[in-house]
Amino acid sequence: MSKQTDFRYNTGATKVPWAAVGENYNEADLMEIIAFLMQGEGKAYEKAINAVWKQVKKLAEVATPPGKLSLGSQVEAAEEACNAYLGTDSSTFVTNATAGFEIAYKYANLKEGDEVIVPAITFVATMAYPLAVGAKLVFADVDPRTINMDPADVARKITDKTKMIVPVHIGGYPVDLDPIMELARKHDILVLEDAAHAFGAMYKGKKIGTIGDFAAFSFHEVKNITSFGEGGIATTNIEGFGPEMKRARFFGTDFSAPIKDWLYNVTPIQGKYGPFVALNSSTTEIQGLGLKLQVARNEEIIEERRRAAAYLNSRFEGCDAIIPQDLGNEDIKPTFHLYLLQIDPEKAGGDVQTLKKKLEEMSVTNIPHFGPLYRFKVVSD
């Protein structure tokens, strides 16, 4: 077996067997994990799980536990897989996309009085950090067809207080980024791509997440691929900040400095306007392994979802009461994380709730989602 590495410390191999201080799991624990991941019932299932239990007990007699359960070689391998897939060198595996957003907002030194332009329709994670520090949310209109940020309205909303523009690739459908990037460069504004839905999406031949100054992807359990329920990849196009972003994932610890007597250095992270203090958004080895395995299948998964979306669109042909999902084109390659459809209430003879009830009667999972942010109490108050 290969040695476990711990890149928090400049040692190569793990300095101590972490299992010796309580990180080990015994065979009974592993069986609980297997039973959780592969659930079932009935005699056939009981027979199969008992057979696995016998094999796990045999394996436990000859196997050794991993030296690392957090921030080790599997996390590194997941980051390398994402780098190769996206065409970047800055992938940093964090607890979730929101943690990636936080690093970007801190780099911009976002504070009270600053303005952040976000689409009027998105998930609350996009605006959580700006609200927490007292920044002003400026809502840009969305394109009625794609529900994505309208670049023309972004241009109208820019002021001398605008610190960041946050395009959100709703449902994995890429935002029209060229005009947004042009505006950002003209006014010296940072662009953070909320790519939570868009791992694998492409815009004019480039992978989403490699165009803005920052981006963050989500691997929450509902996403196209997951890292055992939670996780995110943060990327940056700011020259020299890739290594800093990895330090920002673990308190600002300097991984490169030689260690003496277990003392290591923790330093502020250098942002655009000065240093900032980083927190902890570390991920586990099992999450890293899960992500690495799923990244290898992402294109296959996207294609399966594209075919499903195309099929649904074909069934809506001739029904002018329903506006189906846009499937993209040569310049726009979505991930089809969500199948977003809209209805014309007058032509349909009912609203979204009417449609929801009808779909529930047919046992079709559906979620009315992504209402206007300004209706949330946390914003309106």
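In this text, residue positions in the sequence shown follow numbering that gives the first Met the number 0: the first is 0, and each later residue adds one. Glycine included, every Cβ here is placed at the ideal spot set by N, Cα and C.
Collapsed DSSP secondary structure at Lys185 in the structure displayed | If DSSP states are grouped into helix, strand and coil, Lys185 belongs with the helices.
query = Nearest to Gly208 by CA position, among His219, Leu191, Glu220 and Ile224, is which residue?
reply = Its Cα nearest to that of Gly208, the residue Leu191 stands out among His219, Leu191, Glu220 and Ile224.
- Query: How is Glu192 classed by DSSP in three states: helix, strand or coil?
  - Reply: Correct three-state label for Glu192: strand.
Original post:
Based on Cα-Cα distance, which residue from Ala43, Gly41, Ser72 and Lys135 lies nearest to Ser379?
Top reply: For Ser379, the nearest C-alpha among the options comes from Lys135.
Worksheet item: On the three-state DSSP scale, how would you describe Gly289?
Response: Reduced to three states, the DSSP call for Gly289 is helix.
Item checked: Straight-line gap, Ile102 to Leu372 (C-alpha atoms, nearest Å) -> Each residue's Cα considered, the two are about 22 Å apart.
Determine the extent of the alpha helix (DSSP H) in which Ala295 is found, giving its start and end residues. Per DSSP, Ala295 lies in no alpha helix (DSSP H) segment and is marked neither H nor E.
Taking contact to mean at least 3 C-beta pairs separated by less than 8 Å, is the segment 119–129 in contact with the segment 359–373? Touching, yes.
Worksheet item: With C-beta atoms as the reference, is Asn297 less than 8 Å away from Phe250?
Response: Taking C-beta atoms as the reference points, Asn297 and Phe250 fail to come closer than 8 Å.
Checklist entry - Quick one: is Phe35 buried, meaning 16 or more other Cβ sit within 10 Å of its Cβ, or exposed? => result Burial call: exposed.
Could you tell me the distance, in whole angstroms, from the CA atom of Lys119 to the CA atom of Tyr202? A small correction: the amino acid at residue 119 is Ala; Lys does not occupy that position in the sequence shown. Taking the Cα positions, Ala119 is about 22 Å away from Tyr202.
Practice prompt. With DSSP as the reference, label Ala107 as helix, strand or coil.
Written response: In the structure shown, Ala107 adopts coil according to DSSP, grouped into three states.
Would you decide whether His186 is buried or exposed? Buried here means 16 or more other CB atoms lie within 10 Å of its CB. His186 comes out exposed.
| Residue closest to Tyr272, alpha-carbon to alpha-carbon, out of Leu189, Asp175, Val137 and His168 | When only C-alpha atoms are compared, the closest one is Leu189.
Within its chain, find whatever has a CB closer than 7 Å to the CB of Ala308; leave out the 5 residues flanking it on each side and keep chain order. Within the same chain, Ala308 has close Cβ partners Gln324, Leu326, Phe335 and Tyr338.
Point to revise | Contained beta strand (DSSP E) runs [length at least 3] in the segment 61–144, N- to C-terminal order | key: Counting only runs of 3+ residues, the beta strand (DSSP E) found wholly inside the segment 61–144 occupies 91–93, 114–118 and 135–139, in chain order.
Inset, instruction - Please classify Leu58: is it buried, with 16 or more other beta-carbons within 10 angstroms of its beta-carbon, or exposed? - result: Counting other Cβ atoms within 10 Å of its Cβ, Leu58 stays below 16 and is therefore classed as exposed.
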